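Asker: The following block contains the structure, expressed as structure tokens.
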Amino acid sequence: STFSIDVDTGSYSNVRRMLNAGQLPPADAVRVEELINYFPYDYALPKDDRPFAVHSEMAPAPWNAERVLLRVGIKGQDVAKQALPPANVVFLVDVSGSMNSADKLPLLKSALKLLVAQMRAQDRISLVTYASGTRVILPPTPGTEKATISAAIDALQAGGSTAGASGIQLAYAAAQQSFVKGGINRILLATDGDFNVGIADTRQLKSMIEEKRKSGISLSTLGFGTGNYNEAMMEQIADVGDGAYSYIDNLMEGHKVLVNELTSTLATIARDVKVQIEFNPAVVKEYRLIGYENRQLAREDFNNDQVDAGDIGAGHTVTALYELTLAGSKASVDPLRYARQASVESPLGNELGHLKLRYKQPGSSTSELIDFPLQRSAIKALDAASSEFRFASAVAAYGQLLRGGKYTGDWRYADVRKLALANTGSDPYGYRGEFLRLLDLAAALASKPAS
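Residue numbering for the sequence shown follows our numbering, beginning at 49 and increasing consecutively.
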């Protein structure tokens, strides 16, 4: 099993927006890994000079005691805001007519000003807009000139069609002009994704951004609005731009992404992070990676340093969950007639699998390897598992129920709520408390008779 890590969180806030509007999300809007990774987890920081630490934990799946849940957790090295290298940030703002509603340009302006308030003297901010045409509204301006930057943001008005591709090209040119060697060079594209002039095809846009990222400039996307909102494109171009996709449905979410998580939003500490787990067939009969459907990689891609994968920001936590059927348990699919039977008597009989992770240091084109075995003896009882494990399990169950509950058996939202409530932890920003309210909303909407 091989996949790229994913630090996007946009699906969580987009689903929240739909629930708050009184509707259950369509299954394809629910990317379970983005729901799980919306939350920071209390994983131990790296003890060596590596950019992140890798942790694993196993216990029975809450929704099916005959299955084992394997959690792989990654914790990025923290970097204090003042210790960040100089930042060259280009705001690329969609000011087309489609942005002329309260949940789009006005919210976008308020959110960007939250980021401006965090900028330092060594940072530079540029502002590029696009509608029918493209303009550099603000050349690179020191982060201390907050009044000048805020005034330029306040003056933005919506009108015209959407030449998004031209805007992206101009933003890369602006970022290149003020490129900081050894610093942070990032474009923040803020839009509803409704490109209707020039290159509007996602495949062509991705190809253009893949080429541009070679210059060392990354691109993250901030999604706004509803209606003609193009979420698929927002997620995909952030992935190829070596950035992250966030959906800003209210100013609190803007605060989360641009203030609370500023260092991880701006600073990359590890690039092209890939995970590969080889399961021991003598111990594991079946496995299922929960989520990450569009982050799968071919087995041979793991060692190929030319293949792009997700990046980790400073302080980021990334979580992946596998559901495992162990040998001796009832399988959900028939055994293969011609499969070679592995011997449980092998010297590796206690090894459930082997976890490998590849990553590149920023600026390096050669990957480094972390690997370690997963021991069957490490499986705990669910009530002995960490609170973070159980909370992540609850979020995974929520996501799977929103997608139809194919794998969660008799579990209902009430079961998920009970598990989440018992494991909210310290919750300094209230994200987990809000999750409980979303569970209540989802339960109410799921029980509502179809009209």
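Where is the CB? At the ideal position from N, CA and C, for every residue including glycine. All values derive from a computational prediction rather than experimental measurement.
How would you label K378, buried or exposed, when you count the other beta carbons within 10 angstroms and need 16 or more for buried?
Answerer: Label assigned to K378: exposed.
Asker: Ordered along the chain, which non-local residues of its own chain (more than five positions away) have a Cβ less than 6 Å from that of E436?
Answerer: Excluding positions up to five away in sequence, the list reads Y89, D90.
Asker: What do you reckon, are the CB atoms on T189 and I173 nearer than 8 Å?
Answerer: It is a contact, given that the beta carbons lie within the stated cut-off.
Asker: By the three-class DSSP mapping on this structure, what secondary structure does D488 have?
Answerer: Three-state result, D488: helix.
Asker: Could you compute how far the alpha carbon of P383 sits from the alpha carbon of E334?
Answerer: Approximately 10 Å, taken between the alpha carbons.
Asker: In whole angstroms, give me the CA-to-CA distance for S59 and R460.
Answerer: The alpha-carbon atoms of S59 and R460 are separated by roughly 21 Å.
Asker: Among L449, H103, Y455, M282, which residue has its Cα nearest to the Cα of A113?
Answerer: If we check each option's Cα against that of A113, Y455 comes out closest.
Asker: Rounded to a whole number of angstroms, what is the C-alpha to C-alpha distance between R424 and A440?
Answerer: Looking at the two C-alpha atoms, the distance is approximately 21 Å.
Asker: Could you name the residues of the same chain whose beta carbon sits closer than 7 Å to that of S415, not counting the 5 residues immediately before and after it, in chain order?
Answerer: Hits under 7 Å: D320, D353, R406, Y407, K408.
Asker: Around the Cβ of T139, are there at least 16 other Cβ atoms within 10 angstroms (buried) or fewer (exposed)?
Answerer: Note on residue identity: the sequence assigns Phe, not Thr, to residue 139. Buried, since its Cβ has 16 or more Cβ neighbours within 10 Å.
Asker: Could you tell me which residues DSSP puts in a beta bridge with I122?
Answerer: For I122, which the question treats as bridged, DSSP gives the partners V102, V366.
Asker: Mark Q217 as exposed unless 16 or more other C-beta atoms lie within 10 angstroms of its C-beta, in which case mark it buried.
Answerer: By the 10 Å Cβ count, Q217 comes out buried.
Asker: Which class does I185 belong to by DSSP, given the choice of helix, strand or coil?
Answerer: Here I185 sits in strand by DSSP.
Asker: By how many angstroms is the C-alpha of G215 removed from the C-alpha of V245?
Answerer: Bear in mind that the predicted position of V245 carries a pLDDT of just 48, short of 50, making it unreliable; the figure below should be weighed with that in mind. Between V245 and G215, the C-alpha separation is close to 11 Å.
Asker: From I265, A442, E283, pick the residue whose C-alpha is nearest to that of L486; which is it?
Answerer: Cα-wise, what sits closest to L486 is A442.
Asker: Which class does Y91 belong to by DSSP, given the choice of helix, strand or coil?
Answerer: Note: Y91 maps to coil in three-state DSSP.
Asker: Would you call the stretch 300-313 in contact with the stretch 274-288, where contact means no fewer than 3 C-beta pairs closer than 8 Å?
Answerer: As far as the Cβ criterion goes, the stretch 300-313 does not touch the stretch 274-288, which means the pair count is below three.
Asker: In whole angstroms, give me the CA-to-CA distance for H103 and A150.
Answerer: Distance between the alpha carbons of H103 and A150: 42 Å.
Asker: Since I believe V143 is in contact with Q205 (beta carbons under 8 Å), could you give me their beta-carbon distance rounded to a whole number of angstroms?
Answerer: Right, their Cβ atoms sit about 7 Å apart.
Asker: Assign W459 to one of three DSSP states: helix, strand, or coil.
Answerer: Residue state, collapsed to three classes: coil.
Asker: Going by DSSP in three states, F327 sits in which element: helix, strand or coil?
Answerer: Correct three-state label for F327: strand.
Asker: What residue range does the beta strand (DSSP E) around F139 cover?
Answerer: Per DSSP, F139 belongs to the beta strand (DSSP E) from 135-142.
Asker: Could you give the residue range of the beta strand (DSSP E) that holds A165?
Answerer: Premise fails: A165 is in no beta strand (DSSP E) and is neither H nor E.
Asker: Which residues in the same chain have their Cβ closer than 8 Å to the Cβ of L306, if we skip the five residues on either side of it in sequence?
Answerer: If we look at L306 and ignore the five residues flanking it on each side, its Cβ neighbours are A159, L160, L162, L163, Q166, T313.
Asker: Whether or not the stretch 251-259 and the stretch 121-136 are in contact is what I'm after, with contact meaning three or more pairs of Cβ atoms, one per stretch, closer than 8 Å; do they touch?
Answerer: The stretch 121-136, when compared against the stretch 251-259, does not touch it at the 8 Å Cβ threshold.
Asker: Mapping DSSP to helix, strand and coil, what is K152?
Answerer: Of the three classes helix, strand and coil, the one that applies to K152 here is coil, per DSSP.
Asker: How far does the alpha helix (DSSP H) with R64 in it reach, from first residue to last?
Answerer: It spans 58-68 - the alpha helix (DSSP H) in which R64 sits, taken as one unbroken run.
Asker: On a Cα-Cα basis, can you pick out the residue from A92, G264, A203 that is closest to S412?
Answerer: Of the listed residues, the one whose Cα sits closest to S412 is G264.
Asker: For K322, is the classification buried or exposed, using 16 other Cβ atoms within 10 angstroms of its Cβ as the cut-off for buried?
Answerer: Answer is buried; the Cβ neighbour count reaches 16.
Asker: So what does DSSP say about V245, is it helix, strand or coil?
Answerer: Because V245 sits at a pLDDT of 48, beneath the cut-off of 50, its placement in the model cannot be relied upon, and the following sentence gives the value as read from the coordinates. It is coil, neither helix nor strand.
Asker: Going by DSSP, name the residue or residues bridged to Q423.
Answerer: Answer is E399, bridged to Q423.
Asker: Going by beta carbon distance, what residues of the same chain come within less than 8 Å of V176, once the five residues before and after it are set aside?
Answerer: Taken in chain order, the residues that qualify are V138, F139, L140, V141, T182, R183, V184, I185, G215, L218, A219, A222.
Asker: Given that a residue counts as buried once 16 or more other Cβ atoms are within 10 Å of its Cβ, and exposed if not, what is R336?
Answerer: Exposed: under 16 other Cβ atoms inside 10 Å.
Asker: I need the straight-line Cα distance from A494 to G457, nearest angstrom please.
Answerer: Their Cα atoms are separated by approximately 16 Å.
Asker: Assuming V78 and R451 are in contact, meaning their beta carbons sit under 8 Å apart, how far apart are those beta carbons, in whole angstroms?
Answerer: 5 Å between Cβ atoms; contact.
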